[in-house]
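To start, the structure itself, in structure tokens.
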Amino acid sequence: MPADHLHDLVDMKCFDVSYTTDIIRNIVENILNKNQFNMESIDKWDRQIVDTCQKSLSEIYNSFKIIITTMIIPKNDENVYMGNACLWDYKVDGSTIIKWENDSMYCVVSAFALSLSSAS
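Its first residue numbered 2, the sequence shown is counted upward by one per residue in the working numbering.
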């Protein structure tokens with residue numbers, strides 16, 4: 002992304018779902034990449050995803066509280082259901098859920114951005 006465009010996004014006043022989704026998807030891809038599901042690596046991967054998302058989004062949305070959750074699970078025949086909700090100001094706050102997968106695992110990341118100031 003060109004630096005001048007990034008400058009426009011710093012300290013965003015409203016949550017941008019598309020841009021945020023792209024950021025998180027890139028973070029997950031960079032961390033998990035071509036790895037295979039491995040129980041010994043889950044804690045490390047989970048922490049890297051949460052920390053990197055938290056840092057990246059906090060730099061863009063510095064007047065927001067950022068909440069990140071992750072779930073990394075092996076691919077098998079089991080179904081997984083996930084939901085989340087939050088009360089907020091629909092004018093400025095928002096959330097997104099990103100699902101990433103490879104041949105051995107799923108990763109789901111939820112991100113919430115809650116403004117510290119009023120939209121009015």
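C-beta atoms are modelled at their ideal positions from N, C-alpha and C, and glycine is treated no differently.
Do you know whose CA, among the options, lies nearest residue i's CA?
i   : options                 : result
D52 : N36, V29, F65 and I99   : V29
L88 : D104, E79, S64 and L115 : L115
N77 : D90, F38 and G95        : F38
Keeping to the same chain, check which residues put their C-beta closer than 6 Å to that of residue i; ignore five residues upstream and five downstream.
i    : result
H8   : Because the pLDDT at H8 is just 39, under 50, the model does not fix this residue reliably, and the point stays unresolved.
E102 : none
I98  : S111
C15  : V93
I68  : F113
L58  : I67
Counting only the same chain and skipping the five closest in sequence on each side, list residues whose C-beta sits under 7 Å from that of residue i.
i    : result
I74  : V81, M106 and Y107
S118 : S64
K66  : L115 and L117
Buried or exposed for residue i, please, with buried defined as at least 16 other CB atoms from any protein chain shown within 10 angstroms of its CB.
i   : result
C54 : buried
Since I believe residue j is in contact with residue i (beta carbons under 8 Å), could you give me their beta-carbon distance rounded to a whole number of angstroms?
i   : j    : result
M83 : V109 : 6 Å
Using C-beta distances below 8 Å, list every residue in its chain close to residue i, excluding the 5 sequence neighbours before and after it, in chain order.
i   : result
I32 : W46, Q49, I50 and T53
H6  : Confidence at H6 is low in this model, with a pLDDT of 46, below 50, so the placement of that residue is unreliable and no value is reported for it.
K35 : N103
S42 : N36
Beta strand (DSSP E) runs contained entirely in the region 22-102, provided each spans 3 or more residues: 65-75 and 95-102
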